[in-house]
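Note that our numbering has the sequence shown beginning at -5, numbered continuously upward.
All C-beta atoms, glycine included, are put in the ideal place defined by N, C-alpha and C.
Here's the structure we're looking at; comments come further down.
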Amino acid sequence: MRSPEQTVAMTLLAIAVIVAFARLLGALALRVHQPAVVGEIVAGIVLGPSLLGALSWGGLSLDERLFPEDVQAQLLALANLGLVIFMFVVGLELDLSRIRSQRRQAVTVSVSSVVTPMVGAAFLSLLLWSEHGGGGGTSERVAFALFIGVAMAVTAFPVLARILAERNMHRTALGSLALAAAAVDDVLAWSLLAVATTIAGAEGQPPWVTILLIAGFVVVMMVPVRRIAAGIVRRYERAGRITPDIFGVVIMGILLSAWVTDWIGIHFIFGAFLFGTVFPRDPSSGFVRALLERLEDISVLLLLPVFFVVTGLRVDVSGLQGNALLVLLAVVVLACATKFLGSYSAARLTGVRNRPAMALGVLMNTRGLTELVVVNVGYMAGILDGELLTIFIVMAVVTTVMTEPLLRLVYPDDLVRRDVSAAEQAALGVPGAHRVLAILRGQPADRSVVRVAEMLLSVEPPGRVVLSQIVPPQEPSGELGSGLADALGAVADAVEGTAELVSASTYPGLDTVQLTRIGADPVVEWCSQAEALDVDGVVVGVEDLDDQVMHRLLAECSRRVVVVPSALGEAGASVVQVVRLSGEDSAATFDVGLRLAAAEERTLVVGAPDERLSRRAAGWLRRGRLAGLDVLRPSDVDGLSMSGPLVVAPVDAAAASYSDTSSWVFVRAGASEPVDLIDNTFDLLTQPTRQQPGVPLGASHPQ
């Protein structure tokens, strides 16, 4: 018999082993493109009877030596605490506002994806009841069927969200629908699980008493506790961080909520879940991200691995033989088939195309840690026995592992890119407007970029300047949540940082919108956006033309690229000079210079003092003069200096001249510049509507 001090020492050793195995196998899972939780679940199984139980030392199996009964009692308390915190995070990340734009589709898909497995589970429970049900009455049979149904119907929202983010699908209509359907699925699954636990514990008190107590608890949480939660968020925003007092109040609220639901007669996880749902979800506040970071240290690194091992100690995969293997096969096939068919058929009925509907069926089949929570609740309630617990845990691992490779098979990367392009176009609206993509890089030139983009469009309204900002992928602050809080928070921070650039244009007929996205390769993202939005040009600021990003953008983007310095040449602001008018970029260069000059009625000077104009450039000069535009040669302008005007040049002039010309704009033509490029611009500039600087110069330009 061990003393309490020896038990504590053994518990500390057991926890150290658990954490080491969980981190190791979690890292291995990530290396094979699987969620870390898969490796951690496997670590729990490995440390239990399934593997360590097969090895013995001194007459005892290794799992019994490492985790004796008194140590298991200590670990169980820690595991339940981890479970409570996880369920709080699930509630915290449940944001039903995601379903507003897709309410009908999301609810239809979710209900179908839950009801279909529940029907399959009802038939399966009839076959399993005699061997695994315990021979109870009608209420026990109903609870048994409900537990099996929820275990087959549940979707792991955190795992699904991370898979979508890794494949960039969260930006597509399909990704949004999957997230919305999974959110509704969470509400349905936890509600059904609460019903099942209520039925299972009905012997303690009349069911109507339990129902009234639950209703009262929900009202208290939704009204006074919600106000308290909003006050906690406001206090965080004033402090700018999670203070010990704020964190202490949150932890106390989690534990008290869990205790209340356990006292009512349903499982303690529901109190923690409901407490999480009452907090406001404004990504710009950063509260959810900051709170998840604090919970991460104590939950993912310590408490959840202990939960996995406590679960693993109840699981013996080696004991699945004969009929048990047949049951396992039936559970996996039935769970996957019914979940897929329910999601797929509902998606098709609501207008989703075949391939996206198939992808949705695959995504809704991922179960992960959420499945472990469900089956552990059933096991602790005495509804599921050890063999069924093992079967459903194996099913959770199998369905989670197969999701990502199946998704790539059903919905390859080229379809994802197509959907991202469609989403970009839908985000803009006003399909008939001329568009310029203004790239923001967090440089001093960003303000000049927006100004030049507006000047280029000012001659042909309606126009729209699209401010594109690519945020690097956010390594999730931890493994506890879905990672959406980190991603949405990073986007919100980026939007807030450039909010002053999104303002009413100084030119009538133009507007500015912001398109902030997460992307691993900004050049690929910008080029993709330029194509998807069918922009007239791309404007980018530069501090150094030797920048690798700039080189790639000039080489890879098929649209016209205009490179803008930080300063726009305020000295000599009445002159725009176009130089080096030769080569394949000359027409685009002259067009840009013409537009910049016309935007603020500057004089356009064509060529450098010693530059001999090509026949084509000389023709542009003559046509401008005949049209009455202020187009001159350097010799016609008294006192003109190369450092004074805003200079526009082809990009191939940059290597020789850029270091001495901090107010030069460089132009690289697009792959398919129209033949009548200059003609169209001249036509716009000579419309009779031209009256004063900043007034649209002809709105009848053909689209």
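Residues near CYS330 by beta carbon distance below 7 Å, same chain, minus five either side: If we look at CYS330 and ignore the five residues flanking it on each side, its Cβ neighbours are ASN359 and THR393.
Through-space distance from GLN68 to TRP257, alpha-carbon basis: Roughly 22 Å separates the two Cα atoms.
VAL532 and ALA526 closer than 8 Å at C-beta: Between VAL532 and ALA526, the C-beta gap is not smaller than 8 Å, which leaves the two residues out of contact.
Through-space distance from SER462 to VAL572, alpha-carbon basis: Rounded to the nearest angstrom, the two C-alpha atoms are 27 Å apart.
Endpoints, the alpha helix (DSSP H) within which ILE464 is located: From DSSP, ILE464 is part of no alpha helix (DSSP H) but of the beta strand (DSSP E) over 457 to 465.
DSSP-derived helix/strand/coil call for THR1: The DSSP-derived three-state label of THR1 is helix.
Those residues which DSSP pairs with TRP658 across a bridge: VAL641.
7 Å Cβ shell around PRO406 - same chain, five flanking residues per side excluded: Residues of the same chain with a CB within less than 7 Å of the CB of PRO406, apart from the 5 flanking positions on each side, do not exist.
Where the alpha helix (DSSP H) containing ALA445 begins and where it ends: A quick correction: the sequence has Arg, not Ala, at residue 445. 440 to 451 is the extent of the alpha helix (DSSP H) around ARG445.
For PHE302 and GLU63, believed in contact at Cβ under 8 Å, the rounded distance: That belief does not hold up - the Cβ atoms of GLU63 and PHE302 are roughly 19 Å apart, past 8 Å.
Rounded straight-line distance, which links the Cα of VAL642 to that of GLN99: Near 51 Å, if we compare the C-alpha coordinates of VAL642 and GLN99.
Three-state secondary structure assigned by DSSP to GLN715: The requested residue 715 is not part of the displayed model; the chain covers only -5 to 697.
Start-end ranges of the alpha helix (DSSP H) lying completely within the region 114 to 170, minimum 4 residues: Along the length of the region 114 to 170, whole alpha helix (DSSP H) runs at least 4 residues long occupy 132 to 147 and 151 to 160, reported in chain order.
Rounded straight-line distance, which links the Cα of MET215 to that of ASP379: One alpha carbon belongs to ASP379, the other to MET215, and they sit about 34 Å apart.
Host beta strand (DSSP E) of ARG627 (start-end): Going by DSSP, ARG627 is part of no beta strand (DSSP E) at all; its letter is neither H nor E.
Alpha-carbon spacing of GLN66 relative to GLY131, whole angstroms: Distance between the alpha carbons of GLN66 and GLY131 is about 32 Å.
CA-to-CA distance, ALA593 to TRP614, given in whole angstroms: Rounded to whole angstroms, TRP614 to ALA593 spans 18 Å at the Cα level.
Whole-angstrom distance between TRP184 and TYR7, CA atom to CA atom: Checking the sequence shown, residue 7 turns out to be Leu, not Tyr. Take the alpha-carbon of LEU7 and the one of TRP184: they are about 35 Å apart.
Rounded straight-line distance, which links the Cα of ARG441 to that of PRO603: The alpha-carbon atoms of PRO603 and ARG441 are separated by roughly 31 Å.
Sequence-distant residues of the same chain with beta carbon closer than 7 Å to LEU77, five excluded per side: Answer for LEU77: ILE263, PHE301 and VAL367, listed in chain order.
Span of the alpha helix (DSSP H), counted from its first residue to its last, around LEU383: From DSSP, the alpha helix (DSSP H) with LEU383 extends over 380 to 404.
Identified DSSP bridge partners for ILE433: ILE433 pairs with SER462 and VAL534.
Beta-carbon gap between THR271 and LEU88 smaller than 8 Å: Yes, Cβ-Cβ distance for THR271 and LEU88 is below 8 Å.
Helix, strand or coil at HIS261 [DSSP, three-state]: Secondary structure at HIS261: coil, using DSSP grouped into helix, strand and coil.
Distance, ALA37 Cα to ARG59 Cα: ARG59 and ALA37 have their C-alpha atoms spaced approximately 17 Å apart.
Per DSSP, cross-strand counterpart(s) of LEU598: According to DSSP, which records beta bridges pairwise, LEU598 is partnered with VAL570 and VAL625.
Pick from LEU307, LEU286 and GLU125 that is closest to LEU70, judged by C-alpha positions: Of the listed residues, the one whose Cα sits closest to LEU70 is LEU307.
Reduced DSSP category for HIS27 - H, G, I as helix; E, B as strand; rest coil: HIS27: coil per DSSP, three-state reduction.
Outcome for ASP579 when other beta-carbon atoms lying within 10 angstroms are tallied against a minimum of 16: Buried, since its Cβ has 16 or more Cβ neighbours within 10 Å.
Length of the line joining the Cα atoms of GLU605 and HIS164: Whole-angstrom Cα-Cα distance: 52 Å.
Residue burial classification, HIS428 (beta-carbon count within 10 angstroms, cutoff 16): By the neighbour-count criterion, in which a residue is buried when 16 or more other Cβ atoms sit within 10 angstroms of its Cβ, HIS428 is buried.
Any non-hydrogen atom of the ligand FAD within 7 Å of LEU598 CB: What this structure holds is no ligand at all, so the ligand FAD is not there to describe.
Secondary structure of SER552, DSSP reduced to three states: Under the three-state reduction of DSSP, SER552 is assigned to coil, being neither helix nor strand.
Paired residues, beta bridge with VAL557 - DSSP: Beta-bridge pairing links VAL557 to VAL534 and PHE660.
Short Cβ contact (8 Å threshold) for ALA582 with LEU671: The Cβ atoms of ALA582 and LEU671 lie closer than 8 Å to each other.
Candidates LEU46, VAL144, MET112 and LEU548, of which the one nearest VAL698 by Cα: No answer is possible for residue 698: the residues shown for the chain start at -5 and end at 697.
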